[in-house]
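*Asks:* Submitted below is the structure of interest, expressed as structure tokens.
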Ligand code: XMP
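Numbering (our numbering), first residue to last: 2 to 540.
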């Protein structure tokens, strides 16, 4: 790998954190390809797919300063799709200089249309758009489509269409509605595809991306869980030196992986604080304690604060008030524990790359993840943040967790809200008795879902306990018991979700176990609302 391509992923990551931490540069060289975001629905997914191919990639806004791109010394550039027509008045434009950086450029959908327009080809609004599955006919494989079949399926989403490539370009393929669906100019190092290689409905998409990254850009496919770990260990050591570090463990995969990385890097300089607020799922607190204290030998302060939290929840029925009460108490407990650990200067946060993108990050602002732990920690805590996951997508975090030996149960744990079961006792007070019923019902649900092999397929599966009792009959007796709601959804990012079509037999098994094993429950219902219009949680 040439020296002038000494682009480090850690550098990219450190630039995103708080300015005081920027002087940390790890020596390891990892090739990078930049994705410029023109507002497409799948832009983030492109960066994820590039990483899956083994090349580090970050998503930058299309109007980013050219110097910012140059400074990263990427080995290639990808222009994403976008919702606009290239002719729309406020459509994002292409800075011609992007094509003159001396690195290969791949335009996808809108990205390709921008290139065609800029370089003198013909792109026009077509009578009919092309949305969804389409058939691609490859007339010439060229470099970009090398090794892919003459006829293949691809996924399209566009109205403007390329009718003629710019001078010096070869049209490689067409589709039902696109006379030019792929093109290239090897001489100029510019490539374009109308279809979306990043979605699973384009079966050769990943292969085409790999060809671009490896054969065209000359990237080494080295980005992996192992390389991330190596990279981050060096970075953490450089940032923390011999300072003391504190980490709030929630039991979720993000804080667990962040804590393990820091522990691997600086050993017992790290102390984890696990606040058990009594609102966790069944046995979860014990699992966290046994994994960290017993297995990984991480110094861990476990605080059993159930009583304190229940006291704060007494009489509280409004969901936002519950969240606030829990958040405030969490901070109080955490601060008390932190004060006992004199000299801790650093605080570990499990901030992910998606949080950084969502908060418009990358400007150096050290935003604290608002959903982290319970209510988020206040920003007047006087710590310097250590954020080893700041450049990573969720699936990479899981891969790193597995690489570090985190138990499978923790690696694959479904997302769980910081305020825990309290916001799933709906319409009423989260009392110990209700929380226990909900916890037991939830344990049955998880158990059955795991046994059916469906746990990983679901974004979340959980129970809700409304403050409602209904009449039933069990044995010869009339009962008046709780209704348990089953909520199971599939999703990619929690922004949208679909209700999971769990098999009827499984649902029956779950319902009958709940009613037989839990005295207080006499009815089980299934929530079949998608998001939107519903949210995933009930409150
Ligand atoms: P909704 O219910 O808004 O949830 O569709 C989207 C995702 O966010 C999680 N969630 C929370 N996480 N604190 C958290 O840490 C909260 O107060 C909270 N509320 C919702 C929810 O579980 C889902 O994954």
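Positions of the beta carbon are idealized from the N, C-alpha and C atoms, including for glycine.
Flag residue 447 as yes when its Cβ comes closer than 7 Å to any non-hydrogen atom of the ligand XMP, and as no otherwise.
*Replies:* Counting from 1 along the chain shown, the entry for residue 447 is found at position 446. No, Cβ of residue 447 sits at least 7 Å from all heavy atoms of the ligand XMP.
*Asks:* Within 10 angstroms of the Cβ of residue 68, are there 16 or more other Cβ atoms? Answer buried if so, exposed if not.
*Replies:* Numbered from its first residue, the chain shown carries residue 68 at position 67. So residue 68 ends up on the exposed side.
*Asks:* Would you say the beta carbon of residue 536 is closer than 7 Å to some non-hydrogen atom of the ligand XMP?
*Replies:* Mapped onto the chain shown, residue 536 falls at position 535. The answer is yes for residue 536.
*Asks:* Could you pull the DSSP bridge partners for residue 101 from this structure?
*Replies:* One-based indexing of the chain shown puts residue 101 at position 100. None; residue 101 has no bridge partner.
*Asks:* What alpha helix (DSSP H) runs, 4 residues minimum, are completely inside the region 417 to 486?
*Replies:* DSSP runs (the alpha helix (DSSP H)) wholly in the region 417 to 486: 433 to 452.
*Asks:* What ranges does the beta strand (DSSP E) occupy inside the region 62 to 101, keeping only unbroken runs of at least 3 residues that lie completely in it?
*Replies:* 77 to 80, all fully within the region 62 to 101.
*Asks:* Tell me residue 250's beta-bridge partners as DSSP assigns them.
*Replies:* One-based indexing of the chain shown puts residue 250 at position 249. Paired residue(s): 275.
*Asks:* With burial defined as no fewer than 16 other Cβ atoms inside 10 Å of the residue's Cβ, what is the status of residue 212: buried or exposed?
*Replies:* In the chain shown, counting from the first residue as 1, residue 212 sits at position 211. So residue 212 ends up on the buried side.
*Asks:* Work out the CA separation of residue 285 and residue 162 for me, nearest whole Å.
*Replies:* Here residue 162 corresponds to residue number 161 of the chain shown, with the count starting at 1. Here residue 285 corresponds to residue number 284 of the chain shown, with the count starting at 1. Using only the alpha carbons, I get a separation of about 53 Å.
*Asks:* On the DSSP letters alone, give me the boundaries of the beta strand (DSSP E) that residue 194 sits inside.
*Replies:* Here the question's residue 194 lines up with position 193 in the chain shown. Looking at the DSSP string, the run of the beta strand (DSSP E) that includes residue 194 is 191 to 194.
*Asks:* Where DSSP assigns a beta bridge to residue 60, which residues make up the other side?
*Replies:* Here the question's residue 60 lines up with position 59 in the chain shown. Answer is 36.
*Asks:* Quick check on the DSSP output: the alpha helix (DSSP H) that includes residue 119 runs from which residue to which?
*Replies:* To locate residue 119, count along the chain shown from 1; it is residue 118. Segment 111 to 119, the alpha helix (DSSP H) holding residue 119.
*Asks:* With a threshold of 16 other CB atoms inside 10 Å of the CB of residue 132, please say whether the residue is buried or exposed.
*Replies:* Within the chain shown, numbered from 1, the residue matching residue 132 stands at position 131. With fewer than 16 Cβ atoms within 10 Å of its Cβ, residue 132 is classed as exposed.
*Asks:* Could you tell me whether the region 204 to 220 touches the region 140 to 154, where touching means 3 or more Cβ pairs closer than 8 Å?
*Replies:* Contact between the region 204 to 220 and the region 140 to 154 is present, because at least three Cβ pairs lie under 8 Å.
*Asks:* Should residue 296 go down as buried or exposed, given a rule of 16 or more other Cβ atoms within 10 Å for buried?
*Replies:* Position 295 of the chain shown holds residue 296. Flag for residue 296 reads exposed.
*Asks:* Taking 7 Å as the cut-off, is the beta-carbon of residue 419 closer than that to any non-hydrogen atom of the ligand XMP?
*Replies:* Taking the chain shown and counting its residues from 1, one reaches residue 419 at position 418. Residue 419 Cβ: within cutoff of the ligand XMP.
*Asks:* Thinking just about the alpha-carbon of each residue, which of 250, 266 and 241 is nearest to the one in residue 231?
*Replies:* Locating residue 231 in the chain shown gives position 230, counting from the first residue. Closest option to residue 231, Cα to Cα, is 266.
*Asks:* Taking the CB atoms as reference points, tell me whether residue 299 and residue 387 lie closer together than 8 Å.
*Replies:* Walking along the chain shown from the start, residue 299 turns up at place 298. Walking along the chain shown from the start, residue 387 turns up at place 386. Their beta carbons are not under 8 Å apart, which means residue 299 does not touch residue 387 by this criterion.
*Asks:* Distance check for residue 412 and residue 426, CA to CA, integer angstroms please.
*Replies:* The count along the chain shown starts at 1 and reaches residue 426 at position 425. The count along the chain shown starts at 1 and reaches residue 412 at position 411. About 27 Å.
*Asks:* Within the same chain, show all residues whose beta-carbon is closer than 8 Å to that of residue 13, passing over the 5 residues directly before and after it, in chain order.
*Replies:* In the chain shown, residue 13 corresponds to position 12, counting from 1. Reliability of the predicted coordinates at residue 13 is poor, the pLDDT of 34 falling under 50, and the value obtained from them is presented with this limitation in mind. Same-chain partners within the cutoff: 33, 57, 59, 73 and 392.
*Asks:* Are there three or more Cβ pairs, one per stretch, closer than 8 Å when the region 163 to 170 is compared with the region 75 to 87?
*Replies:* As far as the Cβ criterion goes, the region 163 to 170 does not touch the region 75 to 87, which means the pair count is below three.
*Asks:* Are there three or more Cβ pairs, one per stretch, closer than 8 Å when the region 473 to 484 is compared with the region 455 to 462?
*Replies:* Result no; under three Cβ-Cβ pairs closer than 8 Å.
*Asks:* Does the separation of the CB atoms of residue 280 and residue 436 fall below 8 Å?
*Replies:* Indexing the chain shown from 1 puts residue 280 at position 279. Indexing the chain shown from 1 puts residue 436 at position 435. For residue 280 and residue 436, yes; Cβs fall inside 8 Å.
*Asks:* Would you list the residues sitting across from residue 517 in a DSSP beta bridge?
*Replies:* Numbered from its first residue, the chain shown carries residue 517 at position 516. Bridge partners of residue 517: none, in fact.
*Asks:* At a threshold of 7 Å, does residue 467 count as lining the ligand XMP (C-beta to nearest heavy atom)?
*Replies:* Looking up residue 467 in the chain shown gives position 466. No, Cβ of residue 467 sits at least 7 Å from all heavy atoms of the ligand XMP.
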